[in-house]
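S.K.:
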Amino acid sequence: MKKVLKLTLALAMMMSASSLFAQKFGRIDTSAILVAMPETKEMQSSMETFVAGLRETLETMQVEYNNKVQEFQKNLNTWSEAISQVKQKDLVDLQGRIEEYQRAAAQDIQNKEIELRNPIIEKAKAAIDKVAAANGYLAVFDTSMGSLAYFDEAALTDIAPLVRTELGIKEEAAN
Numbered sequence: 002m003k004k005v006l007k008l009t010l011a012l013a014m015m016m017s018a019s020s021l022f023a024q025k026f027g028r029i030d031t032s033a034i035l036v037a038m039p040e041t042k043e044m045q046s047s048m049e050t051f052v053a054g055l056r057e058t059l060e061t062m063q064v065e066y067n068n069k070v071q072e073f074q075k076n077l078n079t080w081s082e083a084i085s086q087v088k089q090k091d092l093v094d095l096q097g098r099i100e101e102y103q104r105a106a107a108q109d110i111q112n113k114e115i116e117l118r119n120p121i122i123e124k125a126k127a128a129i130d131k132v133a134a135a136n137g138y139l140a141v142f143d144t145s146m147g148s149l150a151y152f153d154e155a156a157l158t159d160i161a162p163l164v165r166t167e168l169g170i171k172e173e174a175a176n
């Protein structure tokens, strides 16, 4: 009985050791996948339109400010002290509104980019997860950030072609 138990234990250890070597590991450059996705191009177009609208408003505010500065400089000598102070305060207030608009616009741009990018990232991640699970990968390493200290590129399978297929990305669009 002890012999059978020892034999079973030895067999189990050999099987677990061989199954460790049979595990599949993959790699993917998620940045390249995201860039190749048509949704990314749509996002960039939406962002350009969004930024153009903000820029147009800012330019209108700056034109108004410049016109008021010119008016102030032109009429400074003809205005009374009280009117000059009111006009100067108006310029300072307008400059403050322009600076506040620039800060708010920068935050709006950042928020809009996050809002548009997150669904794209989630879609790519879902495709990577699906491909990895369907093909039996134990782990898939993202090589886009270069955060792996070392990896043998030949030992890791590049799953990008499978993910591109899953996402419906044509090869010529990926290059």
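Position 49 of the sequence shown, counted from 1, bears residue number 50 in the numbering used here, the numbering being contiguous throughout.
Even for Gly, the Cβ is constructed at its ideal location relative to N, Cα and C.
Are the beta-carbon atoms of Thr-31 and Ser-145 separated by less than 8 Å?
M.R.: Taking 8 Å as the Cβ cut-off, Thr-31 and Ser-145 qualify as a contacting pair.
S.K.: In three-state terms, what does DSSP make of Ile-160?
M.R.: In the structure shown, Ile-160 sits in coil (DSSP, three-state: anything other than H, G, I, E or B).
S.K.: For a test of your reading of the model: does the CB of Lys-171 fall under 7 Å from any non-hydrogen atom of the ligand ZN? Yes or no.
M.R.: No copy of the ligand ZN occurs in the structure displayed, which carries no ligand at all.
S.K.: What does the alpha-carbon distance come out to for the pair Arg-165 and Lys-171?
M.R.: Taking the straight line joining both Cα atoms gives about 7 Å.
S.K.: Quick one, which of Ala-140, Ala-127, Tyr-138 and Leu-139 has its alpha-carbon nearest Leu-35's?
M.R.: Ala-127
S.K.: Curious, which full-length beta strand (DSSP E) runs of at least 3 residues does the region 52 to 134 contain?
M.R.: none
S.K.: Between Gln-111, Tyr-66, Ala-106 and Gln-74, which lies nearest to Val-93 when the distance is taken from Cα to Cα?
M.R.: Tyr-66
S.K.: Use the C-beta contact count for Ala-155: other C-beta atoms within 10 angstroms, 16 or more gives buried, fewer gives exposed.
M.R.: exposed
S.K.: At which residues does the alpha helix (DSSP H) containing Ala-33 begin and terminate?
M.R.: Its alpha helix (DSSP H) spans residues 31 to 37.
S.K.: In terms of residues, what are the limits of the beta strand (DSSP E) holding Phe-142?
M.R.: 138 to 143
S.K.: Quick one: what's got a C-beta closer than 8 Å to Met-48's C-beta in the same chain, skipping five residues either side?
M.R.: Ile-110, Lys-113, Glu-114 and Leu-117
S.K.: Express the C-alpha separation of Leu-77 and Thr-50 in angstroms, rounding to a whole number.
M.R.: 40 Å
S.K.: Residues in its own chain within less than 6 Å of Met-44 by CB, not counting five upstream and five downstream?
M.R.: Sequence-distant Cβ neighbours of Met-44 in its own chain, meaning closer than 6 Å and more than five residues away, are Leu-117.
S.K.: According to DSSP, is Lys-25 part of a helix, a strand, or is it coil?
M.R.: In the three-state scheme derived from DSSP, where H, G and I count as helix and E and B as strand, Lys-25 is classed as strand.
S.K.: Give the straight-line distance between the Cα atoms of Gln-24 and Tyr-151, rounded to the nearest whole angstrom.
M.R.: 19 Å
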